[in-house]
Amino acid sequence: MTSTMKLKTLFQKVWDEHVVVQEAGRPAVLYIDLHLIHEVTSPQAFTGLRERGLKVRRPDKTVATMDHSTPTLPKSLWVIDDQAKAQLAQLERNSKEFGIELFALGDRRNGIVHVIGPERGLTQPGKTIVCGDSHTSTHGAFGALAFGIGTSEVEHVLATQCLLQREPKTFEVRVDGQLMPGVTAKDIILALCAKIGTGGATGHVIEYTGSVIRSLDMDGRMTVCNMSIEAGARAGMIAPDDTTFAYLEGRDRVPKGAEWDAAVDRWRQLRTDDGATFDKTVIIDANKLEPMITYGTNPGMGMPISQTMPTSESFDDPSQRAAFEKAMKYMSLQPGERLLGKKIDVVFIGSCTNSRISDLRLAAGVLSGRKVAEGVRTLVVPGSHDVKRQAEAEGLDQIFKDAGAEWREPGCSMCIAMNGDNLEPGQYAVSTSNRNFEGRQGKGGRTFLASPLTAAAAAVAGEVTDPRSLLLA
Amino acid sequence: MAKFTTLTSHAVPLPVDNVDTDQIIPARFLKVTDKNGLGDNLFCDWRYLKDGSPNPDFVLNEPESRGAQILIAGDNFGSGSSREHAPWALVGWGFRAIISTGFADIFKSNALKNGLLPVEVSPETHKRLMEAVQPDRTTEITIDLPSQTVKAPGGIESSFPIDDFSKHCLLEGLDQLGYLLSFEDQISRYEQQRT
Ligand code: SF4
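Taken in sequence, the protein lines are chains A and B. For the first sequence, the residue numbers in our numbering are 36 to 508. For the second sequence, the residue numbers in our numbering are 3 to 197.
This is the structure:
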């Protein structure tokens with residue numbers, strides 16, 4: 036590189052490559068390489084297209100799946116309410132009419148949108164990827180620039196394959212050191228949310244760097260990028276490396292033969308130049324991380340599992356204190372106490388954060404040869420049919436069933452509770468999903484977010500438990 | 003999209019930080035295939051009691067809130083999901099502007115596309131506005147988009163930021179798709195170059 040060339044971050048390289056037009060004082064017209072759609076946030080966009088007499092510009096760059104409102108009970112695939120049925124029927128009709136490939140319910144490639152994109156090899160380094168879904172940040176694990184958009188923007192991309200975007204700022208999250216046993220990718224991202232808060236990275240794209248990030252497998256990297264939005268960032272990215280290429284090689288939609296080699300050569304350039312600077316940097320020392328758990332009603336209200344919850348006095352800022360007190364009231368918890376030993380009613384292992392094969396292996400490792408505690412309902416929901424088949428081939432489903440857990444069909448399930456899987460009012464759940472908002476997992480339900488290890492440990496103990504106690508046992 | 007120039011209205015104070023999109027409109031109402039009717043379920047789980055009757059303690063149900071077009075919310079409003087159902091529900095109820103010290107990125111972008119103005123003010127201005135509105139719910143706030151100012155009685159006056167393009171679209175009632183479509187030639191050329 037010559038000294039006159041501008042040093043760029045990974046984000047800037049992908050961004051610059053996709054700017055079609057940049058007029059002064061206007062947002063950039065940004066080209067989108069892959070548009071994923073699902074049943075909940077797309078119907079009104081297609082209605083808009085019809086009203087204007089527009090077509091989908093690039094159906095070949097658009098892929099649809101059904102996941103949010105789909106049921107996950109085996110053998111009852113069509114027993115859902117009329118509204119959900121209408122929504123699914125509409126997606127089917129829209130896909131057909133506009134020539135979009137659809138992984139419908141029952142299709143062997145179906146699953147949660149952020150699980151199937153990478154699985155099919157649709158998600159690739161250097162691509163711009165959008166979806167009407169905030170956890171689109173997941174795909175950034177491959178070195179793509181991937182972010183969630185609203186339904187108006189879904190319509191924009193359908194019509195023009197472009198979006199109007201202002202260039203965000205950059206934020207480096209460096210994770211150095213080494214993860215201790217029992218500490219996983221989920222704990223890294225929960226620790227980041229606790230450290231910077233749910234608005235901490237607003238207006239920024241995060242790049243995760245450091246030796247610990249490099250050591251994570253793709254499933255772990257996806258878990259980290261997935262919850263970038265919980266820290267306020269629209270996107271999270273990780274530079275692609277041999278781990279990335281090994282995951283992608285041979286998948287349905289990646290280039291083959293000489294084209295594959297050429298692609299890998301290109302992808303190797305997708306890294307932040309030495310000396311390029313970020314607008315912000317946060318460093319996390321992995322050596323000090325413990326399994327994390329949330330106690331409150333946003334993902335920033337989290338702590339190491341062995342610690343005590345804060346008290347009102349911990350907050351100087353009056354509105355933060357008010358938010359904390361409101362959360363404690365909703366959760367019906369005592370400030371200053373420990374969460375360890377808190378009785379729980381439900382364990383949910385699933386969602387686009389933690390429903391991949393590595394997540395299920397972690398959970399199965401804890402549940403193997405053990406039983407779910409009496410009175411605790413445990414749902415294990417694979418993220419896709421690929422994951423489900425793989426888990427069954429490895430006998431994980433049998434481990435879950437033998438332990439007394441429910442083995443479900445793929446889907447968003449209790450992460451969003453709009454498909455028949457939900458908490459009852461007042462119930463406590465340990466969940467591997469990404470949001471503990473009031474009512475998120477069912478009206479009046481109370482959620483503790485944690486890793487698959489911690490969730491599985493809670494299922495066995497019937498209460499919030501440090502998974503390390505079971506791993507060592 | 004409806005034009006936005008100047009708005010004068012009394013306001014609804016909601017002094018809660020991190021109001022997320024699941025509170026604005028819970029997921030069980032996302033099974034609709036159009037944009038209408040969501041206002042009835044705005045803040046549903048705070049607004050209605052178990053038996054479905056209005057919760058008299060929730061601010062939106064207070065008679066003083068009737069007809070208000072401005073919401074003053076706490077910091078980091080609209081965090082969480084990308085659902086545009088959130089601004090649809092707020093607009094459906096009758097809001098045209100939200101005042102906060104900060105907005106989540108996707109919410110802000112969605113709001114601007116629906117004629118709902120996110121007004122970002124400093125913590126001091128926010129506090130003064132809250133203190134003006136809470137004891138006297140008839141207090142009127144004026145939001146003037148051309149000059150990017152928010153004003154209230156008692157000498158409260160502050161400017162707020164908005165990018166030129168969004169401002170232009172709101173003032174003219176333009177929707178952004180028309181603007182994007184005007185780049186057809188450039189988009190085609192870009193596509194040809196890359197393949
Ligand atoms: S699993 Fe949850 S967070 Fe992920 S896409 Fe589905 S509803 Fe959204």
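For every residue, glycine included, the Cβ atom is placed at its ideal position computed from N, Cα and C. Since the model is a prediction, treat every value here as computed from it, not as a measurement.
DSSP lists A/Val415 as the bridge partner or partners of A/Trp442. A/Glu74 sits close to A/Leu123, with the two beta carbons spaced by under 8 Å. The C-beta of A/Asp456 comes no closer than 8 Å to any C-beta of chain B.
If the five residues before and after B/Asn63 are omitted, its C-beta is found closer than 7 Å to the C-beta atoms of Arg49, Pro56, Asn57, all from its own chain and listed in chain order. Between A/Leu484 and A/Gly337, the C-beta spacing is below 8 Å. At a threshold of 7 Å, A/Val382 does not count as near ligand 1, since its beta carbon sits no closer than that to any of the ligand's heavy atoms. Within the stretch 25-103 of chain B, the complete alpha helix (DSSP H) runs of at least 4 residues fall at 46-49, 87-95. In this structure, A/His70 has its CB at a distance of at least 7 Å from all heavy atoms of ligand 1. Scanning B/Trp90, B/Gly54, B/Gly96, B/Glu86 for the CA closest to the CA of B/Ile72 turns up B/Gly96.
Close CB contacts of A/Leu324 within its chain, under the 6 Å cut and outside five residues either way in sequence, are with Val218, Asp222, Ala226 (chain order). The Cβ of A/His191 sits closer than 8 Å to at least one Cβ of chain B. For A/Asp51, the closest of A/Thr173, A/Gln200, A/Arg143 by C-alpha to C-alpha distance is A/Gln200.
Boundaries of the alpha helix (DSSP H) harbouring A/Arg249: 246-250, taken from the DSSP string.
Runs of the alpha helix (DSSP H) lying entirely within the stretch 287-317 of chain A and spanning at least 4 residues, in chain order: 292-302. Counting of Cβ neighbours within 10 angstroms places A/Met262 among the buried residues, the total reaching 16 or more. Shortest gap from the CB of A/Ile147 to any heavy atom of ligand 1: under 7 Å.
Looking at B/Phe60, B/Gly69, B/Val34, B/Ile164, the one whose alpha-carbon comes closest to that of B/Val18 is B/Phe60. The three-state reading of DSSP puts A/His103 in coil, since its state is none of H, G, I, E or B. Secondary structure note for A/Ala121: its alpha helix (DSSP H) is the uninterrupted segment 117-133. Here DSSP, grouped into helix, strand and coil, assigns A/Arg503 to helix. Counting of Cβ neighbours within 10 angstroms places A/Ser468 among the buried residues, the total reaching 16 or more.
Contact note: A/Ile451 reaches chain B through Ala29, using a C-beta cutoff of 7 Å and chain order. When the five nearest sequence neighbours on each side are left out, the beta carbons in the same chain lying within less than 6 Å of the beta carbon of B/Trp90 are those of Lys37, Leu40, in order along the chain. Residue contact with chain A for B/Lys115: present (Cβ-Cβ distance below 8 Å to some residue of chain A).
The continuous beta strand (DSSP E) containing B/Thr10 extends over residues 8-16.
DSSP lists B/Thr151 as the bridge partner or partners of B/Ser161.
Between B/Gln178 and chain A, the shortest Cβ-Cβ separation is below 8 Å. Here A/Met453 really is in contact with B/Leu32; their C-beta atoms are around 6 Å apart, less than 8 Å. At a cut-off of 8 Å between beta carbons, B/Ile189 contacts chain A. With 16 or more other Cβ atoms from the protein chains shown falling within 10 Å of its own Cβ, B/Arg30 counts as buried.
B/Arg85 reaches chain A at Thr76, counting residues in chain order whose Cβ is nearer than 7 Å. The bridge partners DSSP lists for A/Thr97 are A/His70. For A/Pro339, the three-state secondary structure derived from DSSP is strand.
By the Cβ neighbour-count rule, A/Leu488 is buried, with 16 or more other Cβ atoms within 10 Å of its own. Here B/Glu122 is near B/Thr103, since their CB atoms are less than 8 Å apart.
In the DSSP assignment, the residues bridged to A/Ala63 are A/Gln200.
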